[in-house]
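Have a look at the structure below before the remarks.
Residue numbers (this note's numbering): 141 to 466.
What follows is the structure, given as structure tokens:
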């Protein structure tokens, strides 16, 4: 949905509320997308508006800056994921979704509506790139750009997926404009945007299917003392981020593994516990882990999937150090 359709759809939702009227005007500030004049129970309000199709965790720090700079500020979005909405509420940033969900705190106006489902999005072939299998393929393409010029059979082997999935993924990336055809294979057209799209889709589509349960560490053993000797198990999330940056003190522990529950209990002294501090996920890539750490791209995605301020700061450090040139 384009920006014009997003804000017009949102305005129609506002007007459906008794006692509410809304009108879009041209932005008075070149950094903003529009200006919204809102009347609620005969009280007038004005907002500087930024319009987004969807908001990703990587956008949050700059969005906060603009919200402080351009007060009163309103984000109008086609859709917002639950964790993003939680973050915006905590930061006191007004938002309005195209479906009519909203959070507004402005000059005595207090509105918090979160009951409407996301508007249906037209399905198309391009969406096949970001299925669970597609995300595994894109993960490898982002880290190993030479795969873009490899045969489909080689890509499938490196990604650990069936050969028949590769044409669907590549065609999806082509249709969305992330890659272009070359004489031999493909090349990135917008690798950075693909990376951020992958991070978002990984956290909403693939990661929830990888969970293997929660555990607690026996006795007073610290996570740093756990001796991981298998190439099939590695730290992700905050522990790996701490190793990569020496900046973050982990509060939540993440492991990626192909080892069994019994092996985790025996080798690493982990005890199943629904409230445990260690969350375990299936290791979905076939290459051995280096230094028992998940790849930086995955660690970045883990942090962006839990967007508190310390994680966002550390994620930015990882991005700047390791991901700008991948």
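Ideal Cβ positions, reconstructed from N, Cα and C, are used throughout, including at glycine. None of these values were measured; they are calculated from a predicted model.
Task: CA-to-CA distance, residue 216 to residue 381, given in whole angstroms - done: Here residue 381 corresponds to residue number 241 of the chain shown, with the count starting at 1. Here residue 216 corresponds to residue number 76 of the chain shown, with the count starting at 1. Each residue's CA atom was taken as its position, placing residue 381 and residue 216 some 33 Å apart.
Open item on the list: Between which residues of its own chain and residue 469 is the CB-CB distance below 8 Å, once the five residues before and five after are set aside?
Closed with: Any property of residue 469 remains undetermined from this structure, which presents the chain solely from 141 to 466.
Open item on the list: Suppose contacts are defined by Cβ-Cβ distances below 8 Å. Is residue 438 in contact with residue 376 by that definition?
Closed with: Walking along the chain shown from the start, residue 438 turns up at place 298. Walking along the chain shown from the start, residue 376 turns up at place 236. Their beta carbons are under 8 Å apart, which means residue 438 touches residue 376 by this criterion.
Task: Separation of residue 362 from residue 147, as counted between CA atoms - done: Sequence index remark: in the chain shown, residue 147 carries index 7 (1-based). Sequence index remark: in the chain shown, residue 362 carries index 222 (1-based). Looking at the two C-alpha atoms, the distance is approximately 50 Å.
Open item on the list: By the DSSP assignment, the beta strand (DSSP E) with residue 352 in it spans what residues?
Closed with: Within the chain shown, numbered from 1, the residue matching residue 352 stands at position 212. It spans 351 to 357 - the beta strand (DSSP E) in which residue 352 sits, taken as one unbroken run.
Task: Cutoff 7 Å; reference residue 263; Cβ partners in own chain excluding five residues on either side - done: Residue mapping note: residue 263 aligns to position 123 of the chain shown, counting from 1. With a pLDDT of only 47 at residue 263, under the threshold of 50, the placement of this residue in the model should not be trusted; the figure read from the coordinates follows. For residue 263, where only same-chain residues beyond five positions count, there are no Cβ hits under 7 Å.
TODO: On a CA-only basis, which of 387, 389, 198, 208 is nearest residue 187? Give me that one, please.
DONE: For the purposes of this step, residue 187 is identified with residue 47 of the chain shown, where counting begins at 1. If we check each option's Cα against that of residue 187, 208 comes out closest.
- [ ] Over the uninterrupted alpha helix (DSSP H) stretch that includes residue 296, give me the two end residues.
- [x] Counting from 1 along the chain shown, the entry for residue 296 is found at position 156. Annotation for residue 296: the continuous alpha helix (DSSP H) segment containing it runs 292 to 299.
TODO: Kindly indicate the opening and closing residues of the beta strand (DSSP E) around residue 193.
DONE: Stepping through the chain shown from its first residue, residue 193 is reached at position 53. For residue 193, the enclosing beta strand (DSSP E) covers residues 183 to 194.
Open item on the list: Nearest by alpha-carbon distance to residue 331: which of 286, 198, 183, 466 is it?
Closed with: For the purposes of this step, residue 331 is taken as the residue at position 191 of the chain shown. Nearest to residue 331 by alpha-carbon distance, out of 286, 198, 183, 466, is 466.
Open item on the list: I'd like to confirm the pairing. Which residues does DSSP put opposite residue 243 in its beta bridges?
Closed with: Counting from one through the chain shown, the residue named residue 243 turns up at place 103. Partner(s): 235, 252.
Open item on the list: Suppose only complete runs of 3+ residues qualify. What are the beta strand (DSSP E) ranges in the region 351 to 425, listed by chain order?
Closed with: Secondary structure within the region 351 to 425: the beta strand (DSSP E) runs of 3 or more consecutive residues, fully enclosed, are 351 to 357, 373 to 376, 393 to 397, 410 to 412, 418 to 422 (chain order).
Task: Identity of the residues DSSP links to residue 164 by a beta bridge - done: As a working note, residue 164 is residue 24 in the chain shown. Residue 164 pairs with 176.
TODO: Report the three-state DSSP secondary structure of residue 218 (helix, strand or coil).
DONE: As a working mapping, residue 218 is identified with position 78 in the chain shown. Of the three classes helix, strand and coil, the one that applies to residue 218 here is strand, per DSSP.
Open item on the list: I'd like to check one pair, residue 303 with residue 293: are the Cβ atoms closer than 8 Å?
Closed with: The residue you call residue 293 lines up with position 153 of the chain shown. The residue you call residue 303 lines up with position 163 of the chain shown. Taking a C-beta distance under 8 Å as the contact criterion, residue 293 and residue 303 qualify as a contact pair.
- [ ] In angstroms with no decimal places, state the Cα-to-Cα distance between residue 433 and residue 454.
- [x] Here residue 433 refers to the residue found at position 293 of the chain shown. Here residue 454 refers to the residue found at position 314 of the chain shown. Cα-Cα distance, rounded: 16 Å.
- [ ] Give the single residue among 387, 396, 307, 436 whose Cα lies nearest to the Cα of residue 422.
- [x] Against the chain shown, residue 422 aligns to sequence position 282. Answer by Cα proximity: 396.
Open item on the list: Taking the alpha-carbon of residue 338 as reference, which of 161, 444, 288 has the nearest alpha-carbon?
Closed with: The sequence position of residue 338 within the chain shown is 198, counting from 1. Nearest to residue 338 by C-alpha distance, out of 161, 444, 288, is 444.
Task: Proximal residues to residue 223 (C-beta, below 7 Å), its chain only, five neighbours per side dropped - done: Taking the chain shown and counting its residues from 1, the one referred to as residue 223 is at position 83. Only 447 meet the Cβ criterion.
Open item on the list: I'd like to confirm the pairing. Which residues does DSSP put opposite residue 111 in its beta bridges?
Closed with: Past the boundaries of the shown model lies residue 111; the chain is included only from 141 to 466, so the question cannot be answered.
- [ ] Assuming residue 150 contacts residue 236 (C-beta within less than 8 Å), just tell me the rounded distance between them.
- [x] In the chain shown, counting from the first residue as 1, residue 150 sits at position 10. In the chain shown, counting from the first residue as 1, residue 236 sits at position 96. Contact holds; Cβ gap of about 5 Å.
Task: Through-space distance from residue 194 to residue 291, alpha-carbon basis - done: Within the chain shown, numbered from 1, the residue matching residue 291 stands at position 151. Within the chain shown, numbered from 1, the residue matching residue 194 stands at position 54. Distance between the alpha carbons of residue 291 and residue 194 is about 34 Å.
Open item on the list: Taking the straight line between their C-alpha atoms, what separation do you get for residue 464 and residue 451?
Closed with: As a working note, residue 464 is residue 324 in the chain shown. As a working note, residue 451 is residue 311 in the chain shown. C-alpha separation (whole angstroms): 18 Å.
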